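Position one of the sequence shown corresponds to residue 8 (my numbering), numbered consecutively onward. C-beta: ideal position from N, C-alpha, C; glycine also. Predicted model only: the values in this text are computed from it and were never measured.
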Amino acid sequence: MVVALAREAQILVSEIERSACSSVAESLMSIRISGVGATNATRASQQLVKDGATALVSWGVAGALRPELRAGQLLLPLHIVDETGNIRSVDKSWHVNALRTLGGGARLLIAPVAQTHVLLENAAAKAELGRTTGACAADMESFAIGTVAEKAGLRFLTIRAIVDSLDMTVPACIGRAVKANGQTNSLALLGPCLRAPWLLTDLLRLGLAFRAAARALTPIASCFVRDQLGFDIPPTRTEA
8 MVVALAREAQ ILVSEIERSA CSSVAESLMS IRISGVGATN ATRASQQLVK
58 DGATALVSWG VAGALRPELR AGQLLLPLHI VDETGNIRSV DKSWHVNALR
108 TLGGGARLLI APVAQTHVLL ENAAAKAELG RTTGACAADM ESFAIGTVAE
158 KAGLRFLTIR AIVDSLDMTV PACIGRAVKA NGQTNSLALL GPCLRAPWLL
208 TDLLRLGLAF RAAARALTPI ASCFVRDQLG FDIPPTRTEA
């Protein structure tokens, strides 16, 4: 499984550690923190293939390209599309099984997800990408992971949750604050906030939205680990 951010990976790690056979689970389900962007995701995916992976999963958060999507909306797309219309498709049988296992219904949106190479900072940028690609959401890694999977002849799946809604501003400094290991350097946000104090409001909103996305992904992580590995996981207590 490829994730860009350490906080995204922690959701999965926590569920694996709670499994009945956590040590075996860790050996069977490799989680690689790639850092942000297509280049990093490609590198991490290729390393997993080299290490013997039999399938690749893109896991984490995404930005909304439609006004009705709010933080915490779960995405299980059939297709990932780039800005020029190229498509990477997930494994259909795996998708059907995941849809059944993870709950289906209104909880999971099956619309396409778009690739973006840049941070979508405002509603205009998000809406434009949605218009040109027909996608409901965007992330920076799934298309690259799907490309590696396609070349290697491996199954591919994307599981994402909306973090920033269409109308939410994403400060550019947040992208620069993410380190190569997927950790966020909070000190890197201090300077921009001192120079432009209003950024603090945007960052706080983004933090609350990430918590909503994480709450939505937590039970999905539990179901996914249980289904893929066959290990029992105790019920998760979700924060209010």
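What is the C-beta distance between residue i and residue j, in whole angstroms, given that I count them as a contact (C-beta under 8 Å)?
| i | j | result |
| --- | --- | --- |
| Arg95 | Thr154 | 6 Å |
| Leu206 | Cys180 | 7 Å |
| Thr61 | Leu161 | 6 Å |
| Leu115 | Ala223 | Not really, about 10 Å apart at Cβ, beyond 8 Å. |
Quick check on the burial criterion: 16 or more other C-beta atoms within 10 angstroms. Buried or exposed for residue i?
| i | result |
| --- | --- |
| Asp58 | exposed |
| Lys99 | exposed |
| Ser37 | exposed |
| Arg138 | exposed |
| Thr91 | exposed |
| Pro204 | exposed |
Which residue wins for smallest C-alpha separation from residue i, given the options the options?
| i | options | result |
| --- | --- | --- |
| Arg167 | Ala179, Glu128, Gly70 | Gly70 |
| Arg233 | Ala142, Thr108, Phe150 | Thr108 |
| Leu210 | Asn93, Thr191, His124 | Thr191 |
| Glu157 | Asp171, Asn93, Glu24, Lys186 | Asn93 |
| Leu126 | Arg39, Asp171, Leu85 | Asp171 |
| Trp101 | Ser41, Arg39, Glu24, Val64 | Val64 |
| Leu225 | Leu85, Ile40, Val68, Arg39 | Inspection of the sequence shows that residue 225 is occupied by Thr rather than by Leu. Closest by alpha carbon: Val68. |
Would residue i pass as a contact of residue j if the rule is Cβ separation under 8 Å?
| i | j | result |
| --- | --- | --- |
| Thr176 | Glu128 | yes |
| Ile18 | Ala184 | no |
| Leu72 | Leu173 | yes |
| Gln53 | Val88 | no |
| Val103 | Trp66 | no |
| Leu83 | Leu106 | yes |
| Arg220 | Ala78 | Checking the sequence, you will find Ala at residue 220 rather than Arg. The answer is yes: Cβ separation under 8 Å. |
| Ile283 | Ala48 | This structure gives no information on residue 283, because the portion of the chain shown stretches from 8 to 247. |
To the nearest angstrom, how far is it from the Cα of residue i to the Cα of residue j?
| i | j | result |
| --- | --- | --- |
| Ala216 | Ala118 | 21 Å |
| Asn188 | Ala16 | 11 Å |
| Ala45 | Ala51 | 10 Å |
| Ser29 | Ala159 | Because the pLDDT at Ser29 is just 49, under 50, the model does not fix this residue reliably, and the value given afterwards should be weighed accordingly. Cα-Cα distance, rounded: 28 Å. |
| Ala145 | Gly42 | 16 Å |
| Ile169 | Glu22 | 20 Å |
| Leu194 | Glu148 | 25 Å |
Are the C-beta of residue i and some C-beta of chain D separated by less than 8 Å?
| i | result |
| --- | --- |
| Arg77 | Looking for chain D here will not work: only one protein chain is present. |
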